[in-house]
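FYI, the UniProt record's numbering numbers position 522 of the sequence shown as 522, with every residue one higher than the one before it. For each residue, glycine too, the CB sits at the ideal point set by N, CA and C.
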Amino acid sequence: MTVQSESQLSLYPVLNTLQKIAIYELKDWVYVVGSNNSLNLFRLLKIDRKESKDLVVIDDGEEYTQSDIQNFIATRARGVVAKSAFGIVGFVRFLEGYYLLLITKRRRVAALGLHYIYKIEDTTMIYIPNESSRTSHPDEARYVKMFQSIDLSSNFYFSYSYDITHTLQVNMAVPKTLQNCGNNDIQNFKKERYQNQTDYELYSSPNLKFVWNLYLLSKIKDVIHRDWIIYIIHGFISQSNLNIFGRSVYVTLIARRSNKYAGTRFLKRGANTNGDVANEVETEQVVEDMGVSSWHVCPRISSFVQMRGSIPGHWSQDIAKIVPKPTIAYDLSDPFVITPGRHFKQLFDRYGSPIIALNLVKQKEKKKHESTLSIQYSSDIKYLNQFLSPEHQIQYVTFDMARKNKGKVANVMGRLARIGENALAKVGVFCTFTKRLQTGVIRVNCVDCLDRTNTAQFALGKCALAKQLETLGLLETLELKYDTDCIRLLEVLYEDHGDTLALQYGGSQLVHRIKTYRKTAPWTSQGNDIMQTLSRYYSNTFSDFEKQHAMNLFLGLFIPYDNQSPIWEQITDYYLHHPETITLLPLEENRLPLTQWWGERNVTSLSREYLEREADVKPLSNPTSIDVYSDFHRIHEFTALTEIFPATISHSVRDFMPNCVTDYSPFTVRVGPGRRREENGKGFKNPSVSGQSSTSSATSSDECSQESDDEDVKTESRQSSSPAKGSTESARSSQGNIFALKPISSQDMQIYKRYVVIGRQSIRTKEGTNKPLAHSLKPMTEFIDSTLQTQAPVVTKKSLDFYANYVKKMYSIDECITPYQAERYARYCNNQLYIYKGVGWD
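See the structure below:
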């Protein structure tokens, strides 16, 4: 994407050019060579191996050519076998020396505009100090094993050119340094800094809340060049192709899990004193019209952001007694609601207003359990709202899903749809095409923020999808019905989204799914629900402590030292997430009064007209660093059609549309005599859930069974689940056929057999002669190889005169345009500038 100001100040997001890495391990040094895809730009890192515990990384900041690197390797590392990688995750040290973490396998999972998003498929760790300088420690092996239990190949994502730590709306915003600049200010900006240069590089600052390798990069991020730095998020990303009468619309779901107060289900509840809540996940739903590929003028793309997180407060559940539902208790008294206030301040700072808190926790119980959370939560929001103006107060909405789901006539999804429509009308969606912004956010929670929360977020996403498609001009009404290909595709995305987050936080897949609340789940799913409940119970009881220790070690909350108790001997990690309990922290400067908890003394509006974007603006020094088009399309490489990215993602026609249908609209309700596609036991799953690719199709169509029986032809299922797709580097798979094949009928088989007999007879000859017994089979028409026999096209004199007249007019264009036409064109240009003004491009 290109961001331009009113005075033609062009800003280009920088492409992380180092996508191919080679590592040469010598006795005293480790040489890391990084290059771009085109192998015309190289950088070099030198890591000292003589240091036993310190990390010494040397980066000269120079750009090298391929011949320079070849000469360097021939001189310094001749005969050394190089290890290949796709990026550096970071460096980590336990009790001995430092380790280098590398990405050795990646897979494309999504594309936004001209930007690919990759999932880490495999990593490796290289011990840096050589054996002669290594100092052994008895606990080192256990720390390494614990650290590696954080499986980086399980739902960790990165991108070389797109900042996935921010939402699309933030990434498309003008940088903070240029937001209030007029024409004169920008001209002064260019004169004072970069001497009237018009092209600039844009280095975006990531949202550190969602960067999971921040600790691993802490030792080198200020030492090495930015091209080496890759920011990794944890959560879920998946993309599907919604085909609307031949027009491809990509629906992408991006879930970013916060690294603040992160942990497992029962060990991390509520919030810490900074307002960071447990299981906080920002979910973004992106819809992009692929019929318009230009990101330089006005891309047709829309996004909707919602979030989930535990109820802010100091509450927990005692798991000392092994019971299915441990008692909920508030541990600390917070009479001035400081912790919830800090949490909602974060939301105001990040999203603006209004903040809509959708609470799905039970409201009434015979024996109080969940309801204690609702009572306290409601009281906290009521206390905070008394200091806000009415138009910016937190909007608290309750919906007891468990209670409303009882009975045969329960309509949970219908009520959630009404809540979603009202909430969406207040926060809106972001759309580049119509210059709309999303102001505010919908915050969803239940007790665990897993099952009920995921169903509610699907209902909100369904309403948002209708609004996004209508905004893009692809849907006439703001209504999408269930049992359509479009909603089945979205439901699969949210099911995978929920399963992945539930595994990360709760230790099992979803127990209560969307079909459970729609009352469409088959009775056979009850056994699966019981197994998931037992799996979650076992994980929470026996394995959560080890997971929590590994997460604290990975995020750098616990740093091992000599003569210190190891992490596995720690009774609790409370002090790691609440450092104020062991250290008297200094009072904050400019501490806000309790009655102005939102962070502004003279607040007039919490809704932002534009979002702040922290970014560095520098003059363009290397055109290669911004050539996203060539990096995305790779036009100089030969690629099999089955391996290109659009062929690997889930497709609404191939994976959701039943066979034997004539209505190809994805908005048509599919109700057939057979079972629904989702009930065939071959659903779509995320790779971390089922071990298969989330893009693999495993569906069958029973909706044509009656028609097929009449013809004695049984329709086979569509292409079943295939190996992991998505253009996995060093592990590729083929793409299945999108058409279903029917068995050959007996009549056709007899015709074919007769044809074969005739062919055999035609090549048999009489004894002693070369004449065939029958006539030779010849094609009806002779085949002519057009590549060898071609003729130049004939150009008529009329066409030549027309082209000559066209060229003549190009050199005398002023004579061809009337003053009235010139005036109309000038008005059109002014209108375009007015429309695009202030949104991120002109």
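Excluding the 5 residues preceding and the 5 following residue i in the sequence, name in chain order all residues of the same chain whose CB lies nearer than 8 Å to its CB.
| i | result |
| --- | --- |
| residue 462 | 417, 420, 480, 487, 490 |
| residue 621 | 201 |
| residue 483 | 669, 670, 671, 676 |
| residue 364 | 371, 400, 403 |
| residue 426 | 354, 356, 395, 440 |
| residue 751 | none |
| residue 225 | 43, 59, 61 |
Across which residues does DSSP place residue i in a beta bridge pair?
| i | result |
| --- | --- |
| residue 178 | According to DSSP, which records beta bridges pairwise, residue 178 is partnered with nothing at all. |
| residue 101 | 90, 125 |
| residue 355 | 441 |
| residue 33 | 22, 44 |
| residue 564 | Partner(s): none; residue 564 has no beta bridge. |
| residue 431 | 302, 436 |
| residue 132 | Residue 132 pairs with nothing; no bridge assigned. |
| residue 241 | 250, 651 |
| residue 285 | 253, 304 |
| residue 157 | 119, 233 |
| residue 201 | 12, 618 |
| residue 757 | Note: residue 757 sits in no beta bridge, so no partner. |
| residue 64 | 42 |
Mapping the DSSP letters down to three states, classify residue i as helix, strand or coil.
| i | result |
| --- | --- |
| residue 845 | Residue 845 falls outside the range modelled here, since the chain spans only 1 to 842, and no answer is possible. |
| residue 315 | strand |
| residue 633 | helix |
| residue 737 | Note that residue 737 scores a pLDDT of 39, beneath 50, so its modelled location is shaky and nothing firm can be said. |
| residue 308 | strand |
| residue 332 | coil |
| residue 619 | strand |
| residue 514 | helix |
| residue 83 | strand |
| residue 111 | strand |
| residue 644 | coil |
| residue 69 | helix |
| residue 708 | Only weak support is given to the placement of residue 708: the predicted model assigns it a pLDDT of 36, under 50, and the value that follows is read from those uncertain coordinates. If DSSP states are grouped into helix, strand and coil, residue 708 belongs with the helices. |
| residue 624 | helix |
| residue 827 | helix |
| residue 822 | helix |
| residue 144 | helix |
| residue 56 | coil |
| residue 269 | coil |
| residue 807 | helix |
| residue 323 | coil |
| residue 106 | strand |
So, for residue i: in the same chain, excluding its five sequence neighbours on each side, which residues have a beta-carbon less than 7 Å away from its beta-carbon?
| i | result |
| --- | --- |
| residue 29 | 46, 47, 48, 49 |
| residue 41 | 17, 35, 63, 624 |
| residue 464 | 285, 304, 424, 429 |
| residue 831 | none |
| residue 547 | 264 |
State the CB to CB distance for the pair residue i and residue j, rounded to an integer number of angstroms; the pair is presumed to be in contact (CB under 8 Å).
| i | j | result |
| --- | --- | --- |
| residue 436 | residue 471 | 7 Å |
| residue 90 | residue 158 | No, residue 90 and residue 158 are not in contact; Cβ-Cβ is about 12 Å, not under 8 Å. |
| residue 142 | residue 544 | With 8 Å as the limit, residue 142 and residue 544 do not qualify as a contact, their Cβ atoms being about 18 Å apart. |
| residue 628 | residue 15 | 5 Å |
| residue 907 | residue 223 | Residue 907 lies beyond the range of the chain shown here (1 to 842); nothing can be said about it. |
| residue 165 | residue 210 | 5 Å |
| residue 451 | residue 493 | No, residue 451 and residue 493 are not in contact; Cβ-Cβ is about 17 Å, not under 8 Å. |
| residue 406 | residue 369 | That belief does not hold up - the Cβ atoms of residue 406 and residue 369 are roughly 17 Å apart, past 8 Å. |
| residue 447 | residue 456 | Incorrect: roughly 13 Å between the Cβ atoms, too far for contact. |
Got a sec? Which residues, its chain only, sit under 6 Å from residue i by beta carbon, not counting five neighbours each side?
| i | result |
| --- | --- |
| residue 171 | 163 |
| residue 254 | 237, 284 |
| residue 356 | 395, 423, 442 |
| residue 167 | 284, 305 |
| residue 80 | 24 |
| residue 556 | 215 |
| residue 149 | 550 |
| residue 652 | 242, 243, 485, 489, 666 |
| residue 98 | 55, 91, 128 |
| residue 256 | 210, 233, 235, 282 |
*Would you mind listing the beta strand (DSSP E) stretches within the region 434–482 that are 3+ residues and don't spill past its ends, in chain order?*
Here the runs fully enclosed are 441–445.
*Just list the beta strand (DSSP E) runs in the region 366–422, keeping only unbroken ones of 3 residues or longer that don't cross its boundaries, in chain order.*
DSSP assignment within the region 366–422 yields the following whole beta strand (DSSP E) runs of 3 residues or more, N-terminal first: 395–398.
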